[in-house]
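**Q** Note that the protein sequences, when read in sequence, are chains P and Y.
Mapped onto the working numbering, the consecutive letters of the first sequence carry residue numbers 1 to 386.
Mapped onto the working numbering, the consecutive letters of the second sequence carry residue numbers 387 to 772.
Here a beta-carbon is modelled for each residue, glycine too, at the ideal position from N, C-alpha and C.
Pasting a structure here, questions to come.
Number of protein chains: 2
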Amino acid sequence: MAVEFKAGLKDVVAVNSSITAVDGDQGLLSYRGYDIRDLATQATYEEVVYLLWYGELPTQPQLREISRELAAARPLPQPVLASMRTYPKRAHPLEALRTAVSIVGMHDPDAASNKREATLRKATRLTAQIPVMVGAWQRLREGQEPVAPLVDGSAAENFLYTVTGRRSTPVAARTMDMIFILHADHEINASTFAMRVAVATFTDLHSAITAAIGTLKGPRHGGANEDVLEMLLEIGDPSRAARYIEERWEARSRMTKEERAKPENRIPGWGHPVYKVDDPRAGVLREMARKLVSETGNTKVFDIAVRVFETMHRVSDLPVNVDFFSAVVYHALGIPIDLCTSIFAAARISGWSAHAMEQYNDKLLRPRAHYTGPPPRQFVPVSQRS
Amino acid sequence: MAVEFKAGLKDVVAVNSSITAVDGDQGLLSYRGYDIRDLATQATYEEVVYLLWYGELPTQPQLREISRELAAARPLPQPVLASMRTYPKRAHPLEALRTAVSIVGMHDPDAASNKREATLRKATRLTAQIPVMVGAWQRLREGQEPVAPLVDGSAAENFLYTVTGRRSTPVAARTMDMIFILHADHEINASTFAMRVAVATFTDLHSAITAAIGTLKGPRHGGANEDVLEMLLEIGDPSRAARYIEERWEARSRMTKEERAKPENRIPGWGHPVYKVDDPRAGVLREMARKLVSETGNTKVFDIAVRVFETMHRVSDLPVNVDFFSAVVYHALGIPIDLCTSIFAAARISGWSAHAMEQYNDKLLRPRAHYTGPPPRQFVPVSQRS
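Now the structure itself:
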């Protein structure tokens, strides 16, 4: 009954998609045909959201309209904030976000409709509110009062504002805007794929986004972001980077394949299921990180990262991935380690929404398992079991 | 880069699994080698939970131990009940459940560990508490106070108790126990598959189960359960069943393939992505429904279902699926229509947990999309777009 088994569905085509193209051999990434490097350096995140949802870059009136809609949708509904106030302060930001999205779904006037217009309205609200939820949780868990989002400004600027309670510098705001663009979509990685499996049952958008957030949390996926910064801080000084990496890599070479696959034995920020060469986003992020730290003068973590980068390229043939220099950028912006993956979610909600709209017109995703358990056997009542 | 594209991943083997075997051609279903019909008629749900998690049926001491652990874990933590009290009363029970599971995850002492022992403890708590959450929400939304679960009795008995506030009859309790056994697992259907995609990133069990619940909600998946009862009640009388089905089926035959695929144009309870012949669970459920209604004397919905069953087998070659006679059983037990899929979740949590434990030892699930969008194109700044 079944076609060839590919462990982990590696290289199996699960869906057709017109949103994002990834060329892992050449290190190319594009949204709707536009190279990610052009979008990151020349567009704004709001333009990219429009592009992902409607397939074309917006005209000026279209851009004004979507920016206005997103800004208007930013304030969190009262029940969401009330609920967030009750979460244990030690909760991981993605646990808080997963729950807040589940809560807001119960209050969404379009919750029960999967028509395209309803899904667009829900996507607008979620894309506007998820960054605000992340900011609100950051403040709540530190015992501070959440701040209401600005009535103006970009999504990225508002995200920084809701975290810090202050208007950010133009450089910080533009950096965060680029981060949002770079993280807006990436074909059907695990969180998007889990979300598409959910949507394919015709479940509602909030259920699907809750699934995506829960999936993103895994350390083999978005969670790797946070591990990078922990590693760089553990290294502590650029002079120790080469030796640290050489030793870890050497230790890895003595492990079995199974041991190497364990998250704790990987070098976070390196290797990718699709890219065979460096992730095209990493170059943009490295340049952003360089600019940011040259402004502040606090270059240590960036310098450690550059040494790790050089050493990894010397000792291994693994490509660098998007998480590596993202972590350095987040650190330079003063963002706490365990908030990094939530920023990923705050930007990726736009891509998840685009994939949901596409999947609502597609088939149920229902592969098979190959059964490897015991053969048919006779039932024995409990009184006769030994 | 990619192997053959199979729309919807139909017949593609995504994982190896030793839990459940489905033979769609012969209409066979077994857990760990035991035929579902033997388990439903001779085992208890607690035995099946043990079987799914440990691979073997329990001895008497092992059964006592797991029953004791499940019973002890039943009372809902206070923050979960407090949160549920704030949900809008019109929320779908699966929205309430999705949120309650997300909340309880933030309070679970093992939330951050994916070690097998920690996952087993979390699975025990979730398997014990999800039926109680479903019961609590049913009472809360009707303006009644939730009742604390019993300190004794089976999971199924406790589920009925937390819905009704009364001890159930032995026939009702045994019926619900069989319902729980029949719904405990079903290979990698959409909710289990979404959950395995989540787990494959090494995310935590609560995130993965939240994803599963959100996926189960889709009308192409668990939600179909509820559509069956709506259809039977709409038919209203056994004498109208044949004509109703003949007309709907005739109308379908005049539709395009795309129109026929829409949920509103399907006959709920019929057709299955895997079974080519009648689902083996349907026969057990039909017999359960017959017994239940012969006790109460209220046979109308059962009689309608039998006529629909006969007519569908006459006019179509679709197999009946698990949802069809489940709906009749739920109706006979006095369970509200929109609670049906939550019962599915209340039982399936045991199978989801077994699949999670298996997937924690497996690879990332990361297929590819085939890109069908625009070719590479030049970025044009917004001021120059028309």
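Let's see if you can read the secondary structure: which residues bound the alpha helix (DSSP H) around P:Arg37?
**A** Here residue 37 of chain P corresponds to residue number 37 of the first sequence, with the count starting at 1. Unbroken alpha helix (DSSP H) run through P:Arg37: Ile36 to Gln42.
**Q** Using alpha carbons as the reference points, say which of Y:Val435, Y:Gly539, Y:Ala732 and Y:Arg626 lies closest to Y:Asp689.
**A** Counted from its first residue, the second sequence places residue 689 of chain Y at position 303. Looking at the Cα atoms, Y:Arg626 is the closest of the given residues.
**Q** So with CB distances below 9 Å, who are the chain B contacts of Y:Glu573?
**A** Checking the listed chains, one finds no chain B in this structure; the protein chains it contains are P and Y.
**Q** What would DSSP say about Y:Ile574, mapped onto helix, strand or coil?
**A** Locating residue 574 of chain Y in the second sequence gives position 188, where the first residue counts as 1. Correct three-state label for Y:Ile574: strand.
**Q** Please look up how many angstroms separate the CB atoms of Y:Pro734 and Y:His569, rounded, as I've assumed it's under 8 Å.
**A** The residue given as residue 734 of chain Y occupies position 348 in the second sequence. The residue given as residue 569 of chain Y occupies position 183 in the second sequence. For clarity, residue 734 of chain Y is Arg in the given sequence; the question names Pro instead. Indeed, because the Cβ distance is near 6 Å, the residues count as touching under 8 Å.
**Q** Mapping the DSSP letters down to three states, classify P:Asn298 as helix, strand or coil.
**A** Indexing the first sequence from 1 puts residue 298 of chain P at position 298. The answer is coil: DSSP assigns P:Asn298 none of H, G, I, E or B.
**Q** If we require 3 or more residues per run, which beta strand (DSSP E) segments fall completely within the stretch 300–386 of chain P?
**A** As far as the stretch 300–386 of chain P is concerned, its whole beta strand (DSSP E) runs of at least 3 residues are 368–371.
**Q** Following the continuous alpha helix (DSSP H) through P:Val104, name the residue where it begins and the one where it ends.
**A** To locate residue 104 of chain P, count along the first sequence from 1; it is residue 104. Taken as a continuous stretch (DSSP letters only), the alpha helix (DSSP H) holding P:Val104 covers Pro93 to His107.
**Q** Using a Cβ-Cβ cut-off of less than 7 Å, give me the residues of the stretch 96–130 of chain P that come near chain Y, in sequence order.
**A** Those would be Arg98, Thr99, Ser102, Ile103, Gly105, Met106 and His107, in chain order.
**Q** For P:Ile337, collect the residues of the same chain with a Cβ closer than 7 Å to its Cβ; drop the 5 residues on either side in sequence, then sort them by chain order.
**A** By 1-based counting over the first sequence, the position of residue 337 of chain P is 337. Here the set comprises Glu226, Leu229 and Glu230.
**Q** For a test of the three-state rule: what should DSSP assign to Y:Asn402, helix, strand or coil?
**A** Within the second sequence, numbered from 1, the residue matching residue 402 of chain Y stands at position 16. Y:Asn402 falls in the strand class under three-state DSSP.
**Q** Say whether chain P places a C-beta atom closer than 7 Å to the C-beta of Y:Tyr473.
**A** Counted from its first residue, the second sequence places residue 473 of chain Y at position 87. Yes, because at least one Cβ of chain P sits closer than 7 Å to the Cβ of Y:Tyr473.
**Q** Chain Y beta carbons: is any one of them nearer than 7 Å to that of P:Pro319?
**A** By 1-based counting over the first sequence, the position of residue 319 of chain P is 319. False, the Cβ-Cβ gap to chain Y never drops below 7 Å.
**Q** Decide if Y:Val766 is buried, meaning its Cβ has at least 16 other Cβ atoms within 10 Å, or exposed.
**A** Numbered from its first residue, the second sequence carries residue 766 of chain Y at position 380. By the neighbour-count rule (16 or more Cβ atoms within 10 Å), Y:Val766 is not buried but exposed.
**Q** From Y:Ala504 to Y:Ala498, what does the alpha carbon distance come to, in whole angstroms?
**A** Here residue 504 of chain Y corresponds to residue number 118 of the second sequence, with the count starting at 1. Here residue 498 of chain Y corresponds to residue number 112 of the second sequence, with the count starting at 1. Cα to Cα, Y:Ala504 sits roughly 9 Å from Y:Ala498.
**Q** Quick one: which chain Y residues come within Cβ less than 8 Å of P:Leu365?
**A** The residue labelled residue 365 of chain P in the question sits at position 365 within the first sequence. Near P:Leu365 (Cβ distances below 8 Å), the residues of chain Y are Gly394, Leu395, Ala576 and Phe579.
**Q** Can you find a CB in chain P that lies within less than 7 Å of the CB of Y:Ser728?
**A** Residue 728 of chain Y sits at position 342 when you count from the first residue of the second sequence. Not closer than 7 Å to any Cβ of chain P, the Cβ of Y:Ser728 fails to qualify, so no.
**Q** Mind listing the chain P neighbours of Y:Phe391? Cutoff is C-beta to C-beta under 8 Å, in chain order.
**A** As a first step, residue 391 of chain Y must be located in the second sequence, where it is residue number 5. Ordered by position in chain P, the residues that pass the 8 Å Cβ test against Y:Phe391 are Val13 and Asn16.
**Q** Within this structure, are the beta carbons of Y:Met492 and P:Tyr87 separated by less than 7 Å?
**A** One-based indexing of the second sequence puts residue 492 of chain Y at position 106. One-based indexing of the first sequence puts residue 87 of chain P at position 87. Taking 7 Å as the Cβ cut-off, Y:Met492 and P:Tyr87 qualify as a contacting pair.
**Q** Check whether chain P comes within 7 Å of Y:Gln464, counting only Cβ atoms and requiring the distance to be less than that.
**A** Residue mapping note: residue 464 of chain Y aligns to position 78 of the second sequence, counting from 1. So, not an interface residue.
**Q** Rounded to whole angstroms, what's the CA-CA distance from Y:Ile574 to Y:Asn402? Just pull it up for me.
**A** Indexing the second sequence from 1 puts residue 574 of chain Y at position 188. Indexing the second sequence from 1 puts residue 402 of chain Y at position 16. Distance between the alpha carbons of Y:Ile574 and Y:Asn402 is about 10 Å.
**Q** Could you tell me which residues DSSP pairs with P:Val22 in its beta bridges?
**A** Here the question's residue 22 of chain P lines up with position 22 in the first sequence. According to DSSP, P:Val22 bridges with P:Leu29.
**Q** Below 8 Å, can you find three or more Cβ-Cβ pairs linking the stretch 242–256 of chain P to the stretch 151–161 of chain P?
**A** With the cut-off at 8 Å, the stretch 242–256 of chain P and the stretch 151–161 of chain P do not touch.
**Q** How about P:Phe202: is its C-beta nearer than 7 Å to some C-beta of chain Y?
**A** As a first step, residue 202 of chain P must be located in the first sequence, where it is residue number 202. True, the Cβ-Cβ gap to chain Y drops below 7 Å.
**Q** Looking at the C-beta of P:Ser207, does it have a partner C-beta in chain Y at a distance below 7 Å?
**A** By one-based count along the first sequence, residue 207 of chain P stands at place 207. It does; some Cβ of chain Y falls within 7 Å.
**Q** What residues from chain P crowd round Y:Gln428, counting only those whose CB sits closer than 7 Å?
**A** As a working mapping, residue 428 of chain Y is identified with position 42 in the second sequence. In chain order: Phe379 and Pro381.
**Q** Return the Cβ separation of P:His355 and P:Thr192 in integer angstroms, given the expectation that the two are a contact with Cβ distance under 8 Å.
**A** Within the first sequence, the letter at position 355 stands for residue 355 of chain P. Within the first sequence, the letter at position 192 stands for residue 192 of chain P. Right, their Cβ atoms sit about 5 Å apart.
**Q** Starting from P:Ile267, trace the alpha helix (DSSP H) both ways and give me its first and last residue.
**A** Position 267 of the first sequence, counted from the start, is the residue given in the question as residue 267 of chain P. Taken as a continuous stretch (DSSP letters only), P:Ile267 belongs to no alpha helix (DSSP H), as it is neither H nor E.
**Q** Secondary structure at Y:Lys677, three-state DSSP: helix, strand or coil?
**A** Position 291 of the second sequence, counted from the start, is the residue given in the question as residue 677 of chain Y. DSSP places Y:Lys677 in helix when its eight states are reduced to three.
**Q** Can you tell me the Cα-Cα spacing of P:Ile19 and Y:Val670, whole angstroms?
**A** The sequence position of residue 19 of chain P within the first sequence is 19, counting from 1. The sequence position of residue 670 of chain Y within the second sequence is 284, counting from 1. Cα to Cα, the separation comes out at about 46 Å.
**Q** Which residue comes first and which comes last in the alpha helix (DSSP H) that contains Y:Glu636?
**A** Locating residue 636 of chain Y in the second sequence gives position 250, counting from the first residue. Y:Glu636 -> alpha helix (DSSP H) spans Pro624 to Ser639.
**Q** In chain P, what lies closer than 8 Å to Y:Gln745 by C-beta?
**A** Start at 1 with the first residue of the second sequence, and residue 745 of chain Y comes out as number 359. Simply none; closest approach about 11 Å.
**Q** I'd like the list of long-range same chain contacts for Y:Lys662, defined as Cβ closer than 7 Å, with 5 residues on each side in sequence excluded.
**A** Start at 1 with the first residue of the second sequence, and residue 662 of chain Y comes out as number 276. Gly410, Asp411 and Pro705.
**Q** Short of 8 Å Cβ to Cβ, which residues in the stretch 416–449 of chain Y face chain P?
**A** Listed by position, the residues of the stretch 416–449 of chain Y near chain P (Cβ gap below 8 Å) are Ser416, Arg418, Gly419, Tyr420, Asp421, Asp424, Leu425, Gln428, Ala429, Glu433, Gly441, Leu443, Pro444, Thr445, Gln446 and Leu449.
**Q** Under DSSP, the alpha helix (DSSP H) around P:Tyr161 begins and ends at which residues?
**A** Residue numbering aside, residue 161 of chain P sits at position 161 when the first sequence is read from its first letter. P:Tyr161 -> alpha helix (DSSP H) spans Ala155 to Thr164.
**Q** Under DSSP, the alpha helix (DSSP H) around P:Lys10 begins and ends at which residues?
**A** Taking the first sequence and counting its residues from 1, the one referred to as residue 10 of chain P is at position 10. Per DSSP, P:Lys10 belongs to no alpha helix (DSSP H) and is neither H nor E.
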